[in-house]
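S.K.:
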Amino acid sequence: MNTTVPPPEGAESQERMRAWLTDRVAAYLDKSPDDIDPRLPLAEYGLDSVYAVSLSGDIEAHLGLEVEPTMAWDYPTIEAIARYLCGETLEGPRP
Amino acid sequence: MTLEARLGDPWAAGNPVGFAAVVRADERGRLLAEGERLLDDYGLNRDFVPRDLGGRLGDVSRMARSLRPVFRRDTSLGLGYGVTSFMAAVNVWAAGDDAQRRWLAGLLCRGGRAAVCFHELAHGNDLANQEFEAVRRDGGLALRGRKEVINNADRAGALVVFARTDPRRGGRSHSLLLLDPATLPPGRVHRLPRFGSAGMRGCRLGGLRFDDCPVPAEAVVGGEGDGMETALRAFQVTRAVLPAMAIGTLDTQIRVTARFALARRLYGAPVTDIPHVRSVLAGAFADALVGDCLSTVASRALHLLPREASVYSAAAKYLVPKLLLDAADRLALVLGARSYVREGEYAVFQKNLRDLPLLSLGHAGPANCQATIISQLGALAHRSWPSGDYEAPASLFQSGRELPALRYEDLGLSARGRDPLSASLVAGSAAVGEDNAAVRGLAAALVAELGALKTRVLELPPRDRTPAGRRVAFTLAARYALVLAGSACLNVWLHGEHRQDRFTGDDTWVVAALHRVAERLGIRSGPLPPYAADRLCAEVIARCTDPHSLDLDNVPLSG
Numbered sequence: 004m005n006t007t008v009p010p011p012e013g014a015e016s017q018e019r020m021r022a023w024l025t026d027r028v029a030a031y032l033d034k035s036p037d038d039i040d041p042r043l044p045l046a047e048y049g050l051d052s053v054y055a056v057s058l059s060g061d062i063e064a065h066l067g068l069e070v071e072p073t074m075a076w077d078y079p080t081i082e083a084i085a086r087y088l089c090g091e092t093l094e095g096p097r098p
Numbered sequence: 145m146t147l148e149a150r151l152g153d154p155w156a157a158g159n160p161v162g163f164a165a166v167v168r169a170d171e172r173g174r175l176l177a178e179g180e181r182l183l184d185d186y187g188l189n190r191d192f193v194p195r196d197l198g199g200r201l202g203d204v205s206r207m208a209r210s211l212r213p214v215f216r217r218d219t220s221l222g223l224g225y226g227v228t229s230f231m232a233a234v235n236v237w238a239a240g241d242d243a244q245r246r247w248l249a250g251l252l253c254r255g256g257r258a259a260v261c262f263h264e265l266a267h268g269n270d271l272a273n274q275e276f277e278a279v280r281r282d283g284g285l286a287l288r289g290r291k292e293v294i295n296n297a298d299r300a301g302a303l304v305v306f307a308r309t310d311p312r313r314g315g316r317s318h319s320l321l322l323l324d325p326a327t328l329p330p331g332r333v334h335r336l337p338r339f340g341s342a343g344m345r346g347c348r349l350g351g352l353r354f355d356d357c358p359v360p361a362e363a364v365v366g367g368e369g370d371g372m373e374t375a376l377r378a379f380q381v382t383r384a385v386l387p388a389m390a391i392g393t394l395d396t397q398i399r400v401t402a403r404f405a406l407a408r409r410l411y412g413a414p415v416t417d418i419p420h421v422r423s424v425l426a427g428a429f430a431d432a433l434v435g436d437c438l439s440t441v442a443s444r445a446l447h448l449l450p451r452e453a454s455v456y457s458a459a460a461k462y463l464v465p466k467l468l469l470d471a472a473d474r475l476a477l478v479l480g481a482r483s484y485v486r487e488g489e490y491a492v493f494q495k496n497l498r499d500l501p502l503l504s505l506g507h508a509g510p511a512n513c514q515a516t517i518i519s520q521l522g523a524l525a526h527r528s529w530p531s532g533d534y535e536a537p538a539s540l541f542q543s544g545r546e547l548p549a550l551r552y553e554d555l556g557l558s559a560r561g562r563d564p565l566s567a568s569l570v571a572g573s574a575a576v577g578e579d580n581a582a583v584r585g586l587a588a589a590l591v592a593e594l595g596a597l598k599t600r601v602l603e604l605p606p607r608d609r610t611p612a613g614r615r616v617a618f619t620l621a622a623r624y625a626l627v628l629a630g631s632a633c634l635n636v637w638l639h640g641e642h643r644q645d646r647f648t649g650d651d652t653w654v655v656a657a658l659h660r661v662a663e664r665l666g667i668r669s670g671p672l673p674p675y676a677a678d679r680l681c682a683e684v685i686a687r688c689t690d691p692h693s694l695d696l697d698n699v700p701l702s703g
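These protein sequence lines map, in sequence, to chains U and D. 4 is the number of the first residue of the first sequence in our numbering; add one for each residue after it. 145 is the number of the first residue of the second sequence in our numbering; add one for each residue after it.
1) In terms of residues, what are the limits of the beta strand (DSSP E) holding L303(D)?
2) Among the residues of its own chain, which have a CB less than 6 Å from the CB of V415(D), if the five just before and after it don't count?
3) Taking Cβ positions only, does S558(D) come closer than 8 Å to chain U?
4) Can you find the residues in the same chain that come closer than 8 Å, C-beta to C-beta, to G224(D), ignoring five residues on each side of it along the sequence?
5) Mapping the DSSP letters down to three states, classify G595(D) as helix, strand or coil.
6) Does any C-beta atom of chain U lie closer than 8 Å to the C-beta of G315(D)?
7) I need the boundaries of the alpha helix (DSSP H) containing I294(D), first residue and last residue.
8) Give a yes or no on contact between the stretch 568-582 of chain D and the stretch 205-225 of chain D, applying the rule of three or more CB pairs nearer than 8 Å.
9) Return the chain-ordered list of same chain residues with a C-beta closer than 8 Å to the C-beta of R290(D), the five sequence neighbours on each side being excluded.
10) How long is the line joining the alpha carbons of T610(D) and L58(U), rounded to whole angstroms?
11) Name, in chain order, the residues that DSSP records as bridge partners for E98(D).
12) Among P329(D), R614(D), A361(D), whose alpha-carbon lies nearest the alpha-carbon of I518(D)?
13) Check distances from the C-beta atoms of the stretch 25-52 of chain U to those of chain D and list, in chain order, the residues that come in under 8 Å.
14) Can you name the residues of chain U whose CB is closer than 9 Å to the CB of G561(D)?
15) Just to confirm, is the Cβ distance from A302(D) to D324(D) under 8 Å?
16) Between D499(D), D470(D), A588(D), L321(D), which has its C-alpha nearest T374(D)'s C-alpha?
17) How far does the beta strand (DSSP E) with F262(D) in it reach, from first residue to last?
18) May I ask which residues mark the beginning and end of the alpha helix (DSSP H) holding V655(D)?
19) How many whole angstroms separate the CB atoms of G435(D) and L468(D), which I take to be in contact at a CB cut-off of 8 Å?
20) State the CB to CB distance for the pair A272(D) and S229(D), rounded to an integer number of angstroms; the pair is presumed to be in contact (CB under 8 Å).
21) Please list the terminal residues of the continuous alpha helix (DSSP H) segment that includes G371(D).
22) Go ahead and pull the three-state DSSP assignment for P194(D).
23) Straight-line CA distance for E94(U) to E82(U)?
24) Would you identify the three-state DSSP class for R338(D), choosing helix, strand or coil?
25) What's the gap between the Cα of F493(D) and the Cα of A165(D)?
26) Chain U beta carbons: is any one of them nearer than 8 Å to that of R609(D)?
27) Here's a check: name, in chain order, each residue in its chain whose Cβ is nearer than 7 Å to the Cβ of Q125(D), leaving out the five neighbours to either side.
28) Counting only Cβ pairs nearer than 7 Å, list the residues of chain U close to R600(D).
29) Hey, how far is the Cα of G392(D) from the Cα of I39(U)?
30) Alpha carbon to alpha carbon, what distance is there between T689(D) and D417(D)?
31) Roughly how many angstroms separate the alpha carbons of P700(D) and F306(D), rounded to a whole number?
32) Output yes if chain U places a C-beta closer than 8 Å to the C-beta of A686(D); else output no.
33) Determine the direct distance from the alpha carbon of G187(D) to that of Q397(D), and round the result to whole angstroms.
34) Check each residue of the stretch 75-89 of chain U: if its Cβ is closer than 9 Å to any Cβ of chain D, include it; give the result in chain order.
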C-alpha cells in the first residue's frame, strides 16, 4: 500500500505522476482509477479543503517532495498537480 | 489592582460581581452589567490587542491564563464580553493590512467589540460550503445572505465576515471582510432577532441579513480568496487558547462542590470524608491539570513550533472541553439536587453546567477538530511515530519562560507528519527515574499506545482518512489526542519550573493526571490509587479553604 515512487524525471514524468495521483485519489474514494477524471477538480469528488491538505502530506511521505499544505487549493485537478510537481523537479524550463 | 482583586470574594453577599449577582443576571438572560463595567475599567480588551498596536498581547498562553479569573467567575461574561472579539480580531492580526489592524486595535482598546460573522444556520462549522456571498460590484463588493447565532451582532463596532467570493468549490473561494457597521448603507443590512439559548444565556446571539449591501474593496482582509487559509490559521490560535481559559470554569465547579461537601454532614462527618466523594474531587482536579497541561502546551507551541502546532491545538479543542464537561457531570452527582437548583449558595454550578457545552459548539466543534487530526494521521504515523525527527524544546513545557513573537504567517495548516510532542513522550518516558515507578509505568503504557496507534493508522484504508471515512478514524484521532495530553503532562512534570512547589514538585499529581489519561484509553482501569486520591483531595480542600487556583499556577484568589 505504501509504495515509494522515485522522484519523476524526464518527459514521461508527468504521465507517471498523473497515474500515481489518480491511483491515490481513487484509493481515497474507493473507486477504480478508470473512474477518476484528471481534469475534474478534486473538490467535485467531495475531497474538501481539509482533505487537500492531507494530500500534500501523502505527496511528501511517498514522493519525498516538500509541498505547501495549500498546494491542492491552487492546483485543483490531478492534471494541474502533476504539471506543478514536475515543473518543480525538472532541471530545465517548465513545460 | 489585579483583575482577581477587582472581582473580589465571589461568595460575599454584597459583591456586585459575586456568584449571586452572576446567577441573577443569567436568570434574566443578561450579561452582568457590573461585570461588563468592571472589565471596561480594567481594559480587558487590551489583552486581545498586540503590543505593537497598543495592547498587551504577546504570549497567547499567558493571555489565556489571564482570562481565567473571568471564567472562574462568569463563563458567559468571559465569552460574551471579550473572547469572541478576540476570535474575530485574530483574523485581522494575521492577515490585515496596517490600516485595518490599527483601526481594529483602536476600537478594541476603547472598549468596543468585534463580532465574528462566520456562522450560517444551514452550514454550521462547515465553512467550505457556506453560501453567504460577496460579489464584485462597481469597484467594490456587494454582500448577500445571512449570518446567524453571532455573538454581539447587534452591538459590535466591527464585523469580521467570512464570505464566498467564487462559486467554485475549493480552498480559494472565500474571503474575509472587516466592516464598520456604522458605515453600511441603511436598509441594506438588518439585525435579526436574538436567539435564546439554554446556556450562555446572557450572550447576545443575534444575526445579520445583508441585502445586496455595498462595501468598499478595502474591506477585504488579506487578498481575495485568502479567507479559508486565514481562518484556518486563526482557528489554530483560538482552538488552543479557549480551552486554556475554560479551565477556570472547572475550577469553580470543583470549588463549589468542595464547599458543599465540607459543609454537609452525613454519617456523622463531612461529606468530604466519604471515599467516593474524595475520589470524584481528586479526579476532577486531575482532569483540570490534564486540561491545563495540554492547552498550555498547545498555546506555547503556536509560538515555538508554528509549523507543527495545528495538530496540538485541534487536540486541545477536541479533548479539553470534553474533560471539563465530564468532570462537571461527575461533580454534579456529589452535589445532588444542588446541581440543578437555580438559586441559593451553589446556584452558579448549574449555570456553568449549561454554559460549558456552548464553548465547544459555538466555535470549532469536536468533529471539526477530529477532522483536522484525521487528515494528518497518515503523515504523522508514517514520518514520526514513535520517536520522530526531533523532540520539542524544553521551553515548550515551561510556562514562565519568555516566548518568541507569534508569527501567524508561519502557522502551518498541516504539520506534514512532524510530531515533536510525541517524540518528547518517548524521550520523557526514558528519562523518568526509578524513584518514580508509577510514573514510569504509566509513561511506558502511553508509549506502547503510540506504537499501537501507528500500526492501526498505517492499516487504515485511505478512504477512512477522508471526510467520508468510517468511525474508526475518529476513534484513532481521539486516542491520539489523549496520548498528546499524556506527553504534555509528563513533560510539564519533567521540565516545568514548578518543581520547587510543594505540590507540583512531587510526582503524585502527574501520576493522577496520567492515570486519568490512561483510564480514558482503557489501558488502566478503576479510580485513582488511594494515596493519589487522598493527596489531590487534600489539595483541593486546602485550595478552597485558603483560596488558590485549581491549576498548575496555584495563584492566590479573592475570597
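Every residue, glycine too, gets a C-beta built ideally from N, C-alpha and C. Treat the numbers as computed from the prediction; the structure is a model and nothing was measured.
M.R.: Per the coordinate set shown:
1) Residue 303(D) sits at position 159 when you count from the first residue of the second sequence. It spans 302-308 - the beta strand (DSSP E) in which L303(D) sits, taken as one unbroken run.
2) Locating residue 415(D) in the second sequence gives position 271, where the first residue counts as 1. Result list for V415(D): A405, R408, V421, in chain order.
3) Along the second sequence, read from residue 1 onward, the residue named residue 558(D) stands at position 414. Yes, contact with chain U.
4) Your numbering for residue 224(D) matches position 80 in the second sequence. Around G224(D): L175, N295, N296, M344, G346, C347, R348.
5) Counting from 1 along the second sequence, the entry for residue 595(D) is found at position 451. In the structure shown, G595(D) sits in a helix (DSSP, three-state: H, G or I).
6) For the purposes of this step, residue 315(D) is identified with residue 171 of the second sequence, where counting begins at 1. Yes, its Cβ sits closer than 8 Å to a Cβ of chain U.
7) Locating residue 294(D) in the second sequence gives position 150, counting from the first residue. That residue, I294(D), is in no alpha helix (DSSP H); its beta strand (DSSP E) goes 284-295.
8) no
9) The count along the second sequence starts at 1 and reaches residue 290(D) at position 146. Hits under 8 Å: E264, L265, F276, L336, G351, L352, R353, F354.
10) Counted from its first residue, the second sequence places residue 610(D) at position 466. Counted from its first residue, the first sequence places residue 58(U) at position 55. Cα-Cα distance, rounded: 10 Å.
11) This structure gives no information on residue 98(D), because the portion of chain D shown stretches from 145 to 703.
12) Here residue 518(D) corresponds to residue number 374 of the second sequence, with the count starting at 1. When each option's Cα is compared against that of I518(D), the closest is R614(D).
13) R27, A30, Y31, L32, D33, P44, A46, E47, G49, L50, D51, S52
14) To locate residue 561(D), count along the second sequence from 1; it is residue 417. Ordered by position in chain U, the residues that pass the 9 Å Cβ test against G561(D) are G60, E63, A64.
15) Reading the second sequence from its first residue, position 158 is the one you call residue 302(D). Reading the second sequence from its first residue, position 180 is the one you call residue 324(D). Closer than 8 Å, so yes.
16) As a first step, residue 374(D) must be located in the second sequence, where it is residue number 230. Cα-wise, what sits closest to T374(D) is L321(D).
17) Position 118 of the second sequence holds residue 262(D). From DSSP, F262(D) is part of no beta strand (DSSP E); its letter is neither H nor E.
18) One-based indexing of the second sequence puts residue 655(D) at position 511. Counting along the chain, the alpha helix (DSSP H) containing V655(D) begins and ends at 652-665.
19) Your numbering for residue 435(D) matches position 291 in the second sequence. Your numbering for residue 468(D) matches position 324 in the second sequence. Correct: roughly 6 Å between the Cβ atoms.
20) One-based indexing of the second sequence puts residue 272(D) at position 128. One-based indexing of the second sequence puts residue 229(D) at position 85. That pair is no contact at about 25 Å.
21) For this step, residue 371(D) is matched to residue 227 along the second sequence. It spans 371-407 - the alpha helix (DSSP H) in which G371(D) sits, taken as one unbroken run.
22) Numbered from 1 along the second sequence, position 50 holds the residue referred to as residue 194(D). For P194(D), the three-state secondary structure derived from DSSP is strand.
23) For the purposes of this step, residue 94(U) is identified with residue 91 of the first sequence, where counting begins at 1. For the purposes of this step, residue 82(U) is identified with residue 79 of the first sequence, where counting begins at 1. Any reading at E94(U) must be qualified, since the residue scores a pLDDT of 41, below 50, and its modelled position is unreliable; no value is offered.
24) Locating residue 338(D) in the second sequence gives position 194, counting from the first residue. If DSSP states are grouped into helix, strand and coil, R338(D) belongs with the strands.
25) Taking the second sequence and counting its residues from 1, the one referred to as residue 493(D) is at position 349. Taking the second sequence and counting its residues from 1, the one referred to as residue 165(D) is at position 21. Approximately 14 Å between the Cα atoms of the pair.
26) Taking the second sequence and counting its residues from 1, the one referred to as residue 609(D) is at position 465. R609(D) counts as touching chain U.
27) This structure cannot settle anything about residue 125(D), because the visible part of chain D is limited to 145 through 703.
28) Reading the second sequence from its first residue, position 456 is the one you call residue 600(D). Chain order gives no chain U residues near R600(D), where near means a beta carbon separation below 7 Å; the closest approach is about 14 Å.
29) Counting from 1 along the second sequence, the entry for residue 392(D) is found at position 248. Counting from 1 along the first sequence, the entry for residue 39(U) is found at position 36. About 51 Å.
30) Numbered from 1 along the second sequence, position 273 holds the residue referred to as residue 417(D). Numbered from 1 along the second sequence, position 545 holds the residue referred to as residue 689(D). Going from the Cα of D417(D) to the Cα of T689(D) covers about 16 Å.
31) As a working mapping, residue 700(D) is identified with position 556 in the second sequence. As a working mapping, residue 306(D) is identified with position 162 in the second sequence. Using only the alpha carbons, I get a separation of about 41 Å.
32) Residue mapping note: residue 686(D) aligns to position 542 of the second sequence, counting from 1. No, because no Cβ of chain U sits closer than 8 Å to the Cβ of A686(D).
33) Within the second sequence, numbered from 1, the residue matching residue 397(D) stands at position 253. Within the second sequence, numbered from 1, the residue matching residue 187(D) stands at position 43. The straight-line gap from Cα to Cα measures roughly 27 Å.
34) Result list: A75, W76, D77, P79.
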